[in-house]
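Colleague: Here it is: the structure, laid out below.
Number of protein chains: 2
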Amino acid sequence: MTMELREAKDKFIQAWGAFGSQWGINRSMAQVHALLLISPEPLSTEDVMEQLDISRGNANMNLRALIDWHLVDRVLKTGERREFFQAEKDVWKIATHITRERKKRELEPMVKLLAELKRTEGTGTDSKAFRQMATDLHDLTSRIDAVLERSTRSDVQWFLKAASTLLR
Amino acid sequence: MTMELREAKDKFIQAWGAFGSQWGINRSMAQVHALLLISPEPLSTEDVMEQLDISRGNANMNLRALIDWHLVDRVLKTGERREFFQAEKDVWKIATHITRERKKRELEPMVKLLAELKRTEGTGTDSKAFRQMATDLHDLTSRIDAVLERSTRSDVQWFLKAASTLLR
DNA sequence: CGATAGTTTCAAATAGTATTGAAAGATATG
DNA sequence: CATATCTTTCAATACTATTTGAAACTATCG
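For the record, the sequence lines run as chains H and Y. All letters in the first sequence, in the order written, are residues 1 to 168 by our numbering. All letters in the second sequence, in the order written, are residues 1 to 168 by our numbering.
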C-alpha cells in the first residue's frame, strides 16, 4: 500500500531534519530546507512558521542562513507585499553548493594546518612519527579535497546532468 | 621558522577536535583520537586524562566509543595490569572505517526512506512534484552510496596503498 | 505623514549534549 | 580472601546550541 502525500511529506521533513543534525546542520534549518524542497510553490515566512510549528525568529534566521548557502532564493510575487522563499530544486546543484561551502570553510583550513605541521622541528623518534602522521593525513585530506574539487567543478558532468533533465 | 613538537601536537589535537565537532563527532572523542594518533606508544586511560585534562569517566567513555568504531585498539603490555590504547595509524583504514560506519548508520536509511517515498499516492501536481523530488534525491543519494561503496571496497586501491607503504 | 504590513534583531528561556566525580564493579595479587 | 589496582557506570552538573517572542526597525500605501 502506498502513502498519503501529507504523511510522506512529514516523514521526509522529519528524516531530513534528523539526517542534517547528524552532520552538524541544525534541525530547523534542515527542516525548513526540506519543506521548501517539496513545496511546488514558494512559501512565505508565515507558511514556514505554521507548517513546521516554529517561531518567527527561528524561521527568519534559518531562511536567511539558507539564502547565505545559496540553497534558497527570495522571490517576489507581483501585487504581494511580503517575500516568498523557494528552494533550489536541482539536487545536483544543492550537493555542489553544500560541498563547496564545507570544503572551503572546513576542509581547506585543515589541509593548510597539516601542511604546516609537516614542518615541525626535531629529530627524535617522536618528532619523526608525528611528521609522518601529519604527512599521511595531509595526503589523505588533499586527496579528498581534490576529489571534491573535481566533482564540484566538472563541467562535463554538469552538462550531462542538465541534458538529462531537459530530455527527461 | 618551524614549530616545536609540543606546540604542534597541541595545535593538531585542538584542530582535530574542532573539525570533528563540525561534523557531528564530539570534541573529546575527536581529541582522544587525535592524541592516540600522534602517540608513538600506546597510552593508558590515566595518560589520556592527564594530557587532555578530562575526567576519568569522559576518557573511558570515549575510548570505548573509539573502540566501537574500530579506530582504536586495546593493547596489553606484559607485566602491566592496566590496559593501553593505540589508534589505528593507517589513515586510509581510518577513512574507510568512518565512511563505512556513517554510510551504514545514516546514508542507507535515508536511501531506503526515499525509495519508499517515491511510491506516494496521488495524481495532483503536488503529488507529482513530490515524487519527482523524492526520485531525484534517491538518485543522488544512491549515487553517493555507490561511490562510497566503491571507494570502500576497492581492493585494487587497497593493494596499491599497502604496496606504496611497504615500498616507502 | 501616520497607519499598516512585514522583516530583523537579540536577550532570555529552553532544550540538548557532554562532562564530572564518586561509587560500584571487576580483576589480579599476595 | 582481603587488598590493591584498574575499569565502568550513572546521577548530578556544567556547558552549548537552539528557539522563542516581544520590541525595534523598514518599507509601502493612502
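Even for Gly, the Cβ is constructed at its ideal location relative to N, Cα and C. From a predicted model like this one, the values you see are computed outputs, not experimental measurements.
1) Considering just the uninterrupted stretch of the beta strand (DSSP E) at Asp-73 (chain Y), what are its terminal residues?
2) Just checking: is the beta-carbon of Val-91 (chain Y) within a distance shorter than 9 angstroms of some beta-carbon in chain H?
3) Answer with yes or no whether the minimum CB distance from Pro-42 (chain Y) to chain H is below 9 angstroms.
4) Under 7 angstroms Cβ-Cβ, which residues of chain Y neighbour Lys-106 (chain H)?
5) So, do the region 59-76 of chain Y and the region 112-123 of chain H have three or more beta carbon pairs nearer to each other than 8 angstroms?
6) Counting only beta-carbon atoms, is Ser-127 (chain Y) nearer than 9 angstroms to chain H?
7) Only counting the same chain, and skipping five residues up and downstream in sequence, which positions put a Cβ closer than 7 angstroms to that of Pro-42 (chain Y)?
8) Can you give me the C-alpha to C-alpha distance between Ala-162 (chain H) and Val-91 (chain H), rounded to a whole angstrom?
9) Using a Cβ-Cβ distance under 9 angstroms, would Asp-136 (chain H) count as near chain Y?
10) Mapping DSSP to helix, strand and coil, what is Glu-83 (chain H)?
11) Among Y:Pro-109, Y:Arg-64, Y:Lys-103, which one has its Cα closest to the Cα of Val-32 (chain Y)?
12) What are the boundary residues of the alpha helix (DSSP H) that Thr-123 (chain H) is part of?
13) Return the Cβ separation of Phe-130 (chain H) and Ala-95 (chain Y) in integer angstroms, given the expectation that the two are a contact with Cβ distance under 8 angstroms.
14) Can you pull the chain H residues whose beta carbon is under 9 angstroms from the beta carbon of Met-133 (chain Y), in chain order?
15) Should Ser-216 (chain Y) be labelled buried (16 or more other beta-carbon atoms within 10 Å of its own) or exposed?
16) May I ask which residues mark the beginning and end of the alpha helix (DSSP H) holding Glu-108 (chain H)?
17) Quick one, are the C-beta atoms of Ile-144 (chain H) and Leu-114 (chain H) less than 9 angstroms apart?
18) For Leu-167 (chain H), decide whether its Cβ has a neighbour in chain Y, counting only Cβ atoms nearer than 9 angstroms.
19) Any beta carbon from chain Y within less than 9 angstroms of Glu-121 (chain H)'s own beta carbon?
20) So what does DSSP say about Ser-44 (chain H), is it helix, strand or coil?
21) Could you tell me which chain Y residues have their CB closer than 7 angstroms to the CB of Phe-130 (chain H), listed as they occur along the chain?
22) Name the residues in the region 42-72 of chain H whose C-beta lies less than 7 angstroms from a C-beta of chain Y; which are they?
23) Within the 9 angstroms Cβ cut-off, does Ala-15 (chain H) reach chain Y?
24) Closer than 8 angstroms by beta-carbon distance: list the chain Y residues that pair up with Leu-117 (chain H), in chain order.
Modeller: This is what the structure gives:
1) The residue labelled residue 73 (chain Y) in the question sits at position 73 within the second sequence. Annotation: the continuous beta strand (DSSP E) that includes Asp-73 (chain Y) extends over 72-76.
2) Here the question's residue 91 (chain Y) lines up with position 91 in the second sequence. Yes, because at least one Cβ of chain H sits closer than 9 angstroms to the Cβ of Val-91 (chain Y).
3) Counting from 1 along the second sequence, the entry for residue 42 (chain Y) is found at position 42. For Pro-42 (chain Y), no Cβ of chain H is located within less than 9 angstroms of the residue's own Cβ.
4) Taking the first sequence and counting its residues from 1, one reaches residue 106 (chain H) at position 106. Inspection of the sequence shows that residue 106 (chain H) is occupied by Glu rather than by Lys. The answer, in chain order, is Phe-19, Gln-22.
5) Touching, no.
6) By 1-based counting over the second sequence, the position of residue 127 (chain Y) is 127. Yes - at least one Cβ of chain H is within 9 angstroms of the one on Ser-127 (chain Y).
7) Against the second sequence, residue 42 (chain Y) aligns to sequence position 42. For Pro-42 (chain Y), where only same-chain residues beyond five positions count, the Cβ hits under 7 angstroms are Val-75, Phe-84, Phe-85, Gln-86.
8) Translated into positions along the first sequence, residue 162 (chain H) becomes position 162. Translated into positions along the first sequence, residue 91 (chain H) becomes position 91. Because Ala-162 (chain H) carries a pLDDT of 49, less than 50, the predicted location of this residue cannot be relied on, and the following value inherits that uncertainty. Inter-residue distance for Ala-162 (chain H) and Val-91 (chain H) is about 11 angstroms (C-alpha atoms, whole angstroms).
9) Numbered from 1 along the first sequence, position 136 holds the residue referred to as residue 136 (chain H). Yes, Asp-136 (chain H) lies at the interface with chain Y (some Cβ there is under 9 angstroms from its Cβ).
10) For the purposes of this step, residue 83 (chain H) is taken as the residue at position 83 of the first sequence. In the structure shown, Glu-83 (chain H) sits in a strand (DSSP, three-state: E or B).
11) On the second sequence, position 32 is the one that residue 32 (chain Y) refers to. The shortest C-alpha to C-alpha distance from Val-32 (chain Y) to any of Y:Pro-109, Y:Arg-64, Y:Lys-103 is the one to Y:Arg-64.
12) What you label residue 123 (chain H) is simply residue 123 of the first sequence in a count that begins at 1. First-last for Thr-123 (chain H): undefined, no H or E at that position.
13) By one-based count along the first sequence, residue 130 (chain H) stands at place 130. By one-based count along the second sequence, residue 95 (chain Y) stands at place 95. Not a contact, Cβ separation roughly 19 angstroms.
14) Indexing the second sequence from 1 puts residue 133 (chain Y) at position 133. Result: Phe-12, Leu-37, Ile-38, Lys-89, Val-91.
15) Here chain Y comprises residues numbered 1 to 168, so residue 216 (chain Y) is not present and cannot be evaluated.
16) Against the first sequence, residue 108 (chain H) aligns to sequence position 108. That run of the alpha helix (DSSP H) goes 108-117.
17) The residue given as residue 144 (chain H) occupies position 144 in the first sequence. The residue given as residue 114 (chain H) occupies position 114 in the first sequence. The answer is no: Cβ separation not under 9 angstroms.
18) Locating residue 167 (chain H) in the first sequence gives position 167, counting from the first residue. Residue placement at Leu-167 (chain H) is poorly supported in this model, since its pLDDT is 43, which falls under 50; the coordinates still yield a value, given next. So no, Leu-167 (chain H) is outside the interface.
19) Indexing the first sequence from 1 puts residue 121 (chain H) at position 121. Contacts with chain Y at 9 angstroms (Cβ-Cβ) include Glu-121 (chain H).
20) Taking the first residue of the first sequence as 1, we reach residue 44 (chain H) at position 44. In the structure shown, Ser-44 (chain H) sits in a strand (DSSP, three-state: E or B).
21) Residue numbering aside, residue 130 (chain H) sits at position 130 when the first sequence is read from its first letter. Per Cβ cutoff of 7 angstroms: Leu-5, Ala-8, Lys-9, Ile-38.
22) Near chain Y, meaning a CB-to-CB distance below 7 angstroms, no residue of the region 42-72 of chain H qualifies.
23) On the first sequence, residue 15 (chain H) is found 15 positions in, with the first residue counted as 1. By this cut-off, Ala-15 (chain H) is an interface position.
24) What you label residue 117 (chain H) is simply residue 117 of the first sequence in a count that begins at 1. Neighbours of Leu-117 (chain H) on chain Y, chain order: Met-3, Ala-8, Lys-11, Phe-12.
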